[in-house]
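Step one of this worksheet: look at the structure below.
Numbering (my numbering), first residue to last: 192 to 380.
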């Protein structure tokens, strides 16, 4: 293992000089002084790709990489990392959308089932109400058939006949009464 190059940032030396190992602090300080006198190059950083020191150029901003090959390798790796991150993100988004779709489908099916059950229940309730109204009309016919024949407009009997016809088919009340033996005239609902 070599010397940690990061501690030489800001000093004047070449990469070959930094590769020396096993120096004490006093020796490193002396080496730094000798190198400062010998070379005029300031180390501005460390290459993120290979770890070699990056020196300040004579003119222009300090470079981030030690060479073009390190820069292209770093950019290629960075692009691969970003592509992998984007692929993972799109995969997780696809999974999330799939789960949402399944959830929506399940909820829609539950709503369809519930509305179907409610429609069936409403049909059953209408049939029960219709049967109850027919029983009332039948009771009136058996008690006094003239109440049906002489029913007042807007009265209870005519309203009863209209509700029976509305809950079933038109003419259901008359058919039921005729079937039960009613022979008098039918009031117009």
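Just so you know, even glycine gets a beta-carbon here, dropped at the ideal spot from N, CA and C.
Note that the coordinates shown come from a computational prediction; the quantities given were computed from them, not determined experimentally.
With a threshold of 16 other beta carbon atoms within 10 Å, residue 220 falls short and is exposed. Exclusion of the five residues before and after residue 363 leaves 355 and 356 as the residues of its chain whose Cβ lies within less than 7 Å of its Cβ.
Contact between residue 351 and residue 320 fails: their C-beta atoms lie close to 12 Å from each other, not under 8 Å. For residue 291, the enclosing alpha helix (DSSP H) begins and ends at 259-334. Between residue 256 and residue 262, the gap from beta carbon to beta carbon is short of 9 Å. For residue 354, no beta strand (DSSP E) encloses it; the enclosing alpha helix (DSSP H) starts and ends at 347-358. Here residue 373 is buried: its Cβ has 16 or more other Cβ atoms, across all protein chains shown, within 10 Å. In the DSSP annotation of this structure, residue 366 is not part of any beta strand (DSSP E); the continuous alpha helix (DSSP H) holding it starts and ends at 363-370.
Counting the other CB atoms within 10 Å of its CB gives residue 302 a total below 16, which places it among the exposed residues. About 13 Å separates the beta carbon of residue 340 from that of residue 369, a gap too long to meet the 8 Å contact definition.
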